[in-house]
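Have a look at the structure below before the remarks.
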Amino acid sequence: NAGVMQNPRHLVRRRGQEARLRCSPVKGHSHVYWYRQLPEEGLKFMVYLQKENIIDESGMPKERFSAEFPKEGPSILRIQQVVRGDSAAYFCASSPRSRNGGNTIYFGEGSWLTVV
Amino acid sequence: AQSVSQHNHHVILSEAASLELGCNYSYGGTVNLFWYVQYPGQHLQLLLKYFSGDPLVKGIKGFEAEFIKSKFSFNLRKPSVQWSDTAEYFCAALGGTDKLIFGTGTRLQVFP
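What follows is the structure, given as structure tokens:
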């Protein structure tokens with residue numbers, strides 16, 4: 001399966017703990033997006049990254065949330081000191097952002113975070 | 117700012133009925149448009165996409181969408197829905213910001 005891989009698929013954390021969500025993009029894709037889907041809501045853009053570079057983080061909450069996409073390894077979305085309101089599905093997507101690859105963005109299966 | 121509007125929040129149909137889901141975007145430049153489907157508890161799957169060329173785009177599972185530039189619209193259609201089409205449908209636009217912006221989604225329920 002050469003698609004976008006996210007893990008863990010389901011994560012339960014107590015309030016105050018940290019959550020780390022990982023995303024491996026489609027092989028050869030250099031751009032990664034993170035979206036959050038709250039219950040009964042649509043998908044909200046959080047952050048757009050290129051390897052070793054944050055391109056747009058305008059959708060990221062100002063505190064507790066951070067994202068990275070290192071030169072080697074998966075992209076990580078990190079949520080510190082989680083609160084109940086962080087419970088949501090977090091979707092990662094990747095794009096080749098090349099002329100040949102076009103602008104199609106492929107989504108992973110999501111990571112469901114539950115904060116208890 | 118770039119935005120996507122889906123005016124139908126919840127649509128209920130009987131099997132074999134025709135479907136049209138509205139999608140309007142606001143962006144004056146070149147835009148790429150997408151429809152994604154999300155079945156209950158699952159991830160998003162791409163139904164179809166429009167980059168350029170023929171404004172009538174055919175996708176998977178019998179869906180199609182028409183890009184009408186003058187109306188800033190990209191409505192999704194299917195002539196005859198099935199129970200298995202029950203899902204949430206998201207319209208999305210990719211413009212100059214490189215951010216894929218989603219509409220709020222339309223929940224479709226199809227009854228046998």
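Read top to bottom, the protein sequences are chains A and B. For the first sequence, counting from 1, position 62 maps to 62 in this note's numbering; every step adds exactly one. For the second sequence, counting from 1, position 5 maps to 121 in this note's numbering; every step adds exactly one. Just so you know, even glycine gets a beta-carbon here, dropped at the ideal spot from N, CA and C.
Exercise for the section: Inspect the beta-carbon positions of S94 (chain A) and H29 (chain A) and report whether they are closer than 8 Å. Expected result: As a working note, residue 94 (chain A) is residue 94 in the first sequence. As a working note, residue 29 (chain A) is residue 29 in the first sequence. Between S94 (chain A) and H29 (chain A), the CB-CB gap stays under 8 Å.
Practice task
Count the other C-beta atoms from every protein chain shown that fall within 10 angstroms of the C-beta of T222 (chain B), then say buried if there are 16 or more, exposed otherwise.
Solution key: Looking up residue 222 (chain B) in the second sequence gives position 106. That one is buried.
Practice task
Check each candidate in B:L160, B:I184, B:K177 and name the one with the smallest Cα separation from S168 (chain B).
Solution key: The residue you call residue 168 (chain B) lines up with position 52 of the second sequence. When only C-alpha atoms are compared, the closest one is B:I184.
Handout entry: Straight-line Cα distance separating V82 (chain A) from G16 (chain A)
Key = By one-based count along the first sequence, residue 16 (chain A) stands at place 16. By one-based count along the first sequence, residue 82 (chain A) stands at place 82. Looking at the two C-alpha atoms, the distance is approximately 5 Å.
Handout entry: Anticipated Cβ contact below 8 Å, F188 (chain B) with C207 (chain B), distance rounded
Key = On the second sequence, residue 188 (chain B) is found 72 positions in, with the first residue counted as 1. On the second sequence, residue 207 (chain B) is found 91 positions in, with the first residue counted as 1. Rounded to whole angstroms, the Cβ separation of F188 (chain B) and C207 (chain B) is 12 Å, and the two are not in contact under 8 Å.
Handout entry: Delimiting residues of the beta strand (DSSP E) encompassing W151 (chain B)
Key = In the second sequence, the residue the question calls residue 151 (chain B) occupies position 35. Segment 148 to 154, the beta strand (DSSP E) holding W151 (chain B).
Practice task
Note the first and the last residue of the continuous beta strand (DSSP E) segment covering N191 (chain B).
Solution key: Translated into positions along the second sequence, residue 191 (chain B) becomes position 75. DSSP places N191 (chain B) inside the beta strand (DSSP E), whose first and last residues are 189 to 194.
Practice task
Pick helix, strand or coil for R20 (chain A), following the three-state DSSP scheme.
Solution key: Mapped onto the first sequence, residue 20 (chain A) falls at position 20. For R20 (chain A), the secondary structure class from DSSP, reduced to helix, strand or coil, is strand.
Handout entry: Assumed close pair K165 (chain B), N140 (chain B) - CB separation to whole angstroms, cut-off 8 Å
Key = On the second sequence, residue 165 (chain B) is found 49 positions in, with the first residue counted as 1. On the second sequence, residue 140 (chain B) is found 24 positions in, with the first residue counted as 1. Actually they are not in contact, since the Cβ atoms of K165 (chain B) and N140 (chain B) sit about 17 Å apart, beyond 8 Å.
Practice task
Might you give, ordered along the chain, the residues of its own chain that have their beta carbon closer than 6 Å to the beta carbon of E204 (chain B), omitting 5 neighbours on each side?
Solution key: In the second sequence, residue 204 (chain B) corresponds to position 88, counting from 1. Q154, G221, R223, listed in sequence order.
Exercise for the section: Determine the chain A residues that contact K174 (chain B) at a beta-carbon separation under 7 Å, and present them in chain order. Expected result: Along the second sequence, read from residue 1 onward, the residue named residue 174 (chain B) stands at position 58. Neighbours of K174 (chain B) on chain A: none; closest Cβ ~16 Å, over 7 Å.
Problem - L43 (chain A) versus S58 (chain A): straight-line alpha-carbon distance, rounded - result: What you label residue 43 (chain A) is simply residue 43 of the first sequence in a count that begins at 1. What you label residue 58 (chain A) is simply residue 58 of the first sequence in a count that begins at 1. Roughly 14 Å between the two C-alpha positions.
Practice task
For the beta strand (DSSP E) holding T222 (chain B), just list the boundary residues, first then last.
Solution key: Within the second sequence, residue 222 (chain B) is the residue found at index 106, counting from 1. Counting along the chain, the beta strand (DSSP E) containing T222 (chain B) begins and ends at 222 to 227.
Exercise for the section: State the beta-bridge partners of I79 (chain A) as determined by DSSP. Expected result: The residue given as residue 79 (chain A) occupies position 79 in the first sequence. Beta-bridge annotation (DSSP): I79 (chain A) is paired with A:A19, A:F65.
Problem - Paired residues, beta bridge with C92 (chain A) - DSSP - result: For this step, residue 92 (chain A) is matched to residue 92 along the first sequence. Its beta-bridge partners are A:W34.
Practice task
For T114 (chain A), write down the residues that DSSP places opposite it in a beta bridge.
Solution key: In the first sequence, counting from the first residue as 1, residue 114 (chain A) sits at position 114. According to DSSP, T114 (chain A) bridges with A:V12.
Practice task
Flag this pair as yes or no: are the beta carbons of A209 (chain B) and Q118 (chain B) separated by less than 8 Å?
Solution key: By 1-based counting over the second sequence, the position of residue 209 (chain B) is 93. By 1-based counting over the second sequence, the position of residue 118 (chain B) is 2. Going by beta carbons, A209 (chain B) and Q118 (chain B) fall inside the 8 Å limit.
Practice task
May I ask you to list, following chain order, the residues of the stretch 192 to 219 of chain B that have a beta carbon less than 9 Å from some beta carbon of chain A?
Solution key: Residues of the stretch 192 to 219 of chain B with a Cβ closer than 9 Å to any Cβ of chain A, in chain order: E204, F206, A208, L210, T213, D214, K215, L216, I217, F218, G219.
Practice task
Answer yes or no: the CB of F206 (chain B) versus the heavy atoms of the ligand HEM, is any distance below 7 Å?
Solution key: In terms of ligand content, the structure shown is empty, and the ligand HEM therefore cannot be addressed.
Exercise for the section: Tell me where the beta strand (DSSP E) around V4 (chain A) begins and ends. Expected result: Stepping through the first sequence from its first residue, residue 4 (chain A) is reached at position 4. Run containing V4 (chain A): none; DSSP gives neither H nor E here.
Exercise for the section: Would you tell me roughly how many angstroms separate the C-alpha atoms of G110 (chain A) and D214 (chain B), rounded to the nearest one? Expected result: Position 110 of the first sequence holds residue 110 (chain A). Position 98 of the second sequence holds residue 214 (chain B). If I take the Cα positions, the gap works out to 21 Å.
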